[in-house]
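In the working numbering, the protein residues as written are 1 to 382.
For each residue, glycine too, the CB sits at the ideal point set by N, CA and C.
Read through the structure below, which is laid out as structure tokens, and then see the notes.
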Ligand SMILES: Cc1ncc(COP(=O)(O)O)c(C=O)c1O
């Protein structure tokens with residue numbers, strides 16, 4: 001368990017809202033809905049720096065403080081979605097800059113990035129995270145400005161060695177950004193491993209209740225590029241609403257408990273499905289059979305997340321039919337909520353998807369694990 005200011009992350013999370021209201025002592029902060037803030041007699045903002053809600057809001061400042069502490073970051077910024085946060089970072093690049101990204105990554109960001117690079121004349125090269133030396137070959141010394149990795153990566157859960165990637169990026173004069181949505185700040189701390197930026201779709205585990213769309217970027221150093229990200233948020237305007245920030249804070253109070261349960265259940269399900277007759281392969285970094293298991297053991301602490309995929313012994317339609325037969329797993333996209341979800345990923349990603357047609361993605365929630373296993377078995381056997 002990592003320590004923040006002498007306190008464990010569990011304590012930090014459980015008391016994530018415990019900033020006593022200075023007026024009434026309420027142990028949960030109110031939601032500050034104001035868009036604008038009165039100045040004092042010297043015409044200074046009454047609370048330092050807070051004058052207009054598009055730049056700073058007291059409710060999301062609390063959430064950002066908790067997130068920065070969790071990641072050991074110099075600062076954290078919330079956005080109106082995960083993609084808005086990623087876009088803010090990529091918008092700090094200039095035409096002619098070179099970026100590197102994985103072949104397998106969250107498909108929405110992959111599609112956006114392709115278009116962005118074309119429009120903004122940013123060069124991009126992709127690497128296969130499962131091939132030794134592929135990242136090193138994709139990086140161009142002196143040209144590459146940003147290396148983006150996702151670990152574990154949707155939906156095959158490829159694992160990238162963050163410390164090694166940071167070394168390669170820095171050696172070429174580039175920065176490393178890590179999409180750590182699936183690992184959460186509890187299982188992996190990318191900034192401690194040398195990354196410059198860590199990114200989460202807070203829509204997933206951080207909020208955990210499938211009722212908020214949000215994103216967060218955190219930085220190891222408060223430098224020029226981080227100030228450029230801050231500028232993008234303030235003037236691009238992709239801010240998180242105060243109510244959503246409050247819900248996110250409330251969700252984060254139980255992150256450690258939800259993650260622990262999801263990791264335990266996912267491991268039990270993965271082991272069980274490995275020997276199921278209709279499953280040809282289980283992709284879960286916690287299994288010794290996963291190609292990224294060795295690195296995952298080194299850089300993930302406390303579990304391997306609640307995300308896995310299974311390859312069904314059957315074609316696309318037969319595989320998709322399995323996802324329609326579950327009664328506990330909900331057939332829906334997204335991940336990291338308290339409820340378990342099942343998804344036929346190739347259908348969701350569309351015709352250009354590189355995902356195998358017999359792949360089902362599972363997001364394991366916090367229900368009773370015996371119910372989850374029985375549900376999957378009856379759907380596979382059906
Ligand atoms: C790994 C990962 N990164 C980024 C995103 C995008 O986040 P959002 O949907 O909050 O914009 C997602 C969404 O599914 C994701 O799974």
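| Check | Outcome |
| --- | --- |
| Check whether the Cβ atoms of residue 145 and residue 189 lie closer than 8 Å to each other. | no |
| For the beta strand (DSSP E) that residue 279 lies in, which residues bound it at each end? | 279-283 |
| I'd like the span of the beta strand (DSSP E) that includes residue 201, first residue to last. | 197-201 |
| Using the beta-carbon count (16 or more within 10 Å), is residue 8 buried or exposed? | exposed |
| Which runs of the beta strand (DSSP E) fall wholly inside the segment 314-375 and span at least 3 residues, in chain order? | 341-344, 359-363 |
| Using a 10 Å radius around the Cβ and a threshold of 16 neighbouring Cβ atoms, would you call residue 235 buried or exposed? | exposed |
| What are the residues that DSSP puts in a beta bridge with residue 86? | In DSSP, residue 86 forms no bridge with anything. |
| Out of 32, 60, 106, 62, point me to the one whose CA is closest to residue 353's CA. | 106 |
| For residue 14, report the span of its alpha helix (DSSP H) as first-last. | 9-14 |
| For the beta strand (DSSP E) that contains residue 126, what are its first and last residues? | 123-127 |
| Kindly provide the ranges of any beta strand (DSSP E) runs that are 3 or more residues long and lie completely inside the segment 118-178, ordered along the chain. | 123-127, 144-150 |
| Say the cut is 7 Å; is the CB of residue 188 nearer than that to a heavy atom of ligand 1? | no |
| Alpha carbon to alpha carbon, what distance is there between residue 13 and residue 1? | Residue placement at residue 1 is flagged as unreliable, the pLDDT there being 39, under the threshold of 50; a coordinate-derived value is accordingly withheld. |
| Buried or exposed: residue 259, going by 16 or more other Cβ atoms within 10 Å of its Cβ? | buried |
| What are the boundary residues of the beta strand (DSSP E) that residue 309 is part of? | 307-312 |
| Drop a sphere of 10 angstroms on the beta-carbon of residue 366, count the other beta-carbons inside from all chains shown, and report buried for 16 or more, exposed for fewer. | buried |
| Take residue 83 as the anchor and find which of 216, 313, 375 has the nearest alpha-carbon. | 216 |
| Spatial neighbours of residue 262 within its chain, please: C-beta separation below 6 Å, excluding the five flanking residues on both sides. | 306, 364 |
| Enumerated in chain order, which unbroken segments of the alpha helix (DSSP H) with a length of 4 residues or greater are wholly contained in the segment 190-274? | 224-236, 242-252, 255-274 |
| Between the C-alpha atoms of residue 288 and residue 15, what's the straight-line distance to the nearest angstrom? | 36 Å |
| Check the C-beta distance from residue 88 over to residue 233 and give it rounded, since I have them as a contact under 8 Å. | 6 Å |
| Any heavy atom of ligand 1 closer than 7 Å to the beta-carbon of residue 213? | yes |
| Could you tell me the boundaries of the beta strand (DSSP E) in which residue 98 lies? | 98-102 |
| Could you say which of 334, 115, 153 lies nearest to residue 127 if we only look at CA atoms? | 153 |
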